[in-house]
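Quick note: to get our numbering, add 100 to the position in the sequence shown (first position is 1). All C-beta atoms in this analysis are idealised placements derived from N, C-alpha and C, irrespective of residue type, glycine included.
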Amino acid sequence: MTDWIAIAAAADCPPGTSLERVVCDRVVALANVEGTWHAIDGLCPHQGGPLGKGSLCGTLLTCPWHGWQFDVTTGKHRISPTVRQPKIEVRQQDGQVWVRFPDGAATPNAEPPA
Ligand code: FES
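So this is what it looks like as structure tokens:
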């Protein structure tokens with residue numbers, strides 16, 4: 101059984117931008133860093149802000165609520181070494197961006213990227 105889930109059209113998230121997607125009960129912050137995709141848990145650990153709706157500068161994603169910053173390549177908080185957002189596997193195929201959650205959460209219509 102596959103567990104890859106299409107969450108966005110690649111065109112919806114141009115290089116240098118991020119977006120938020122909700123998949124089942126998960127919130128995903130998707131970031132396009134110069135054509136390379138990164139995805140982290142989209143719920144800010146500070147107070148639950150929408151990380152995917154923040155601003156992306158290089159690899160640094162800033163939460164729109166109070167400004168906590170995370171490196172989307174690692175999930176690490178910019179300042180605190182003990183705060184880290186879970187990374188989510190991500191890839192692009194056929195114009196779609198797909199994610200796979202670490203615990204294998206899936207939807208019935210998920211299809212595997214080749
Ligand atoms: S909720 Fe993200 S910085 Fe406060």
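So is the beta-carbon of residue i under 7 angstroms away from any non-hydrogen atom of the ligand FES?
i: Gly148; result: yes
i: Cys144; result: yes
i: His166; result: yes
i: Cys163; result: yes
Using a 10 Å radius around the Cβ and a threshold of 16 neighbouring Cβ atoms, would you call residue i buried or exposed?
i: Cys113; result: buried
i: Arg178; result: exposed
i: Cys157; result: exposed
i: Cys124; result: exposed
Spell out whether any CB of chain C is found under 8 angstroms from the CB atom of residue i.
i: Val127; result: Among the chains of the structure shown, chain C does not appear; only one protein chain is present.
What is the C-beta distance between residue i and residue j, in whole angstroms, given that I count them as a contact (C-beta under 8 angstroms)?
i: Gly154; j: Thr162; result: 5 angstroms
i: Val128; j: Ala139; result: 5 angstroms
Review point. Does the segment 166 to 181 touch the segment 192 to 202, meaning 3 or more C-beta pairs lie closer than 8 angstroms?
Key: no
Point to revise | 4 or more residues per run - each alpha helix (DSSP H) lying fully within the segment 136 to 195 | key: none
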